[in-house]
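Have a look at the structure below, then the notes.
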Amino acid sequence: MTVLRPGDCIAEIYGDLTATLVPCGLPHAAEFSSMYVLPEGPWPGETEAMRKSRAWCADKMRVLPDKRHLVEATAVLPLEHEWPRHRTAYCIAVPRKGELVGRVLK
Numbered sequence: 102m103t104v105l106r107p108g109d110c111i112a113e114i115y116g117d118l119t120a121t122l123v124p125c126g127l128p129h130a131a132e133f134s135s136m137y138v139l140p141e142g143p144w145p146g147e148t149e150a151m152r153k154s155r156a157w158c159a160d161k162m163r164v165l166p167d168k169r170h171l172v173e174a175t176a177v178l179p180l181e182h183e184w185p186r187h188r189t190a191y192c193i194a195v196p197r198k199g200e201l202v203g204r205v206l207k
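Residue numbering for the sequence shown follows my numbering, starting at 102 and increasing by one per position.
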């Protein structure tokens with residue numbers, strides 16, 4: 102198991118929340134930024150979990166100024182069946198179109 106570090110470039114994220122990492126100079130689907138732990142309580146539902154996660158991620162994500170127009174903040178949510186034991190969302194920068202090549206985060 103590999104732990105994601107800020108700036109890791111991700112080729113693909115699978116449904117079980119595993120990811121394939123690649124060098125950032127190669128085409129990739131996302132760049133990892135940080136983690137957000139959703140508040141305790143009952144499962145908020147996917148829509149609400151994504152709303153809270155995206156808002157937090159977008160506020161904290163540090164995108165290079167010349168790359169802001171290329172990316173948006175989103176999150177990979179915890180799996181509902183693992184809630185509440187796992188409440189961590191993974192903040193990632195994803196391309197508005199196509200794939201990323203090179204780093205987009207500071």
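Here a beta-carbon is modelled for each residue, glycine too, at the ideal position from N, C-alpha and C.
Query, Result
"Backbone CA spacing between Arg-204 and Cys-110 [nearest angstrom]", "8 Å"
"Alpha carbon of Arg-197 to alpha carbon of His-129, nearest angstrom", "13 Å"
"Selected residue, minimal CA-CA separation from Pro-179, among Glu-200, Thr-148, Val-202, Val-195", "Thr-148"
"CA nearest to the CA of His-182, picked from Gly-108, Arg-155, Asp-160, Asp-117", "Asp-117"
"Straight-line Cα distance separating Val-202 from Ala-159", "20 Å"
"Selection from Trp-184, Trp-157, His-187 that minimises the alpha carbon distance to Ile-193", "Trp-157"
"Cys-192, DSSP secondary structure in three states", "strand"
"Beta carbon of Tyr-137 nearer than 7 Å to that of Ala-190", "yes"
"Helix, strand or coil at Thr-119 [DSSP, three-state]", "coil"
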